[in-house]
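Notes to accompany the following structure.
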């Protein structure tokens, strides 16, 4: 196992990082490309080597993405986390704005659910020629979002 020259900390390859964090290797490379995960040092043969700080950072990225934060929001949260004097109110405000977006999306999904249920109910209305749902989708006034 490789070790960091300065800290003597064990270094891991990208496959191990992927397994430990549940992240696809291509996603890790993408995060490196866009700069939210630092490109790690490489061995003489070109293999990437990651330390524990990068494991923690990627885990942070995964958790924020699982909560639905955009890449720009993740970048902003990482910048706040990287600053020496983290302003918790900024993090809270960002999370509150995101919660408002999630709440609006849930409302949109409920409206879609209702519209689809109404269209499906037309199909269950009995014997009709053709498909009432297809016909309804062609008509003006069909509930859409």
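Residue numbers (this note's numbering): 10 to 154.
Glycine included, every Cβ here is placed at the ideal spot set by N, Cα and C.
Top-ranked residue by Cα proximity to residue i, from the options
| i | options | result |
| --- | --- | --- |
| residue 64 | 97, 125, 92 and 41 | 41 |
| residue 28 | 88, 89 and 71 | 71 |
| residue 109 | 76, 26 and 20 | 76 |
| residue 87 | 47, 138 and 146 | 47 |
| residue 132 | 33, 146, 90 and 120 | 146 |
| residue 80 | 36, 52 and 138 | 36 |
Opposing strand residues paired with residue i [DSSP bridges]
| i | result |
| --- | --- |
| residue 59 | 21 |
| residue 51 | 57 |
Residue i - containing alpha helix (DSSP H), residue span
| i | result |
| --- | --- |
| residue 7 | Not covered by the structure: residue 7. The range shown for the chain is 10 to 154. |
| residue 91 | 80-91 |
| residue 36 | 34-43 |
| residue 144 | 141-147 |
Residue i burial status per 10 Å Cβ neighbour count (16 or more: buried)
| i | result |
| --- | --- |
| residue 112 | exposed |
| residue 73 | buried |
| residue 95 | exposed |
| residue 78 | buried |
| residue 125 | exposed |
| residue 118 | exposed |
Supposed contact pair residue j and residue i - C-beta distance, whole angstroms, cut 8 Å
| i | j | result |
| --- | --- | --- |
| residue 22 | residue 57 | 7 Å |
| residue 100 | residue 45 | The pair is not a contact, with the Cβ atoms about 16 Å apart (cut-off 8 Å). |
Check: residue i C-beta below 8 Å from any heavy atom of the ligand COA
| i | result |
| --- | --- |
| residue 129 | Only the bare structure without any ligand can be found here, which leaves the ligand COA out of the picture. |
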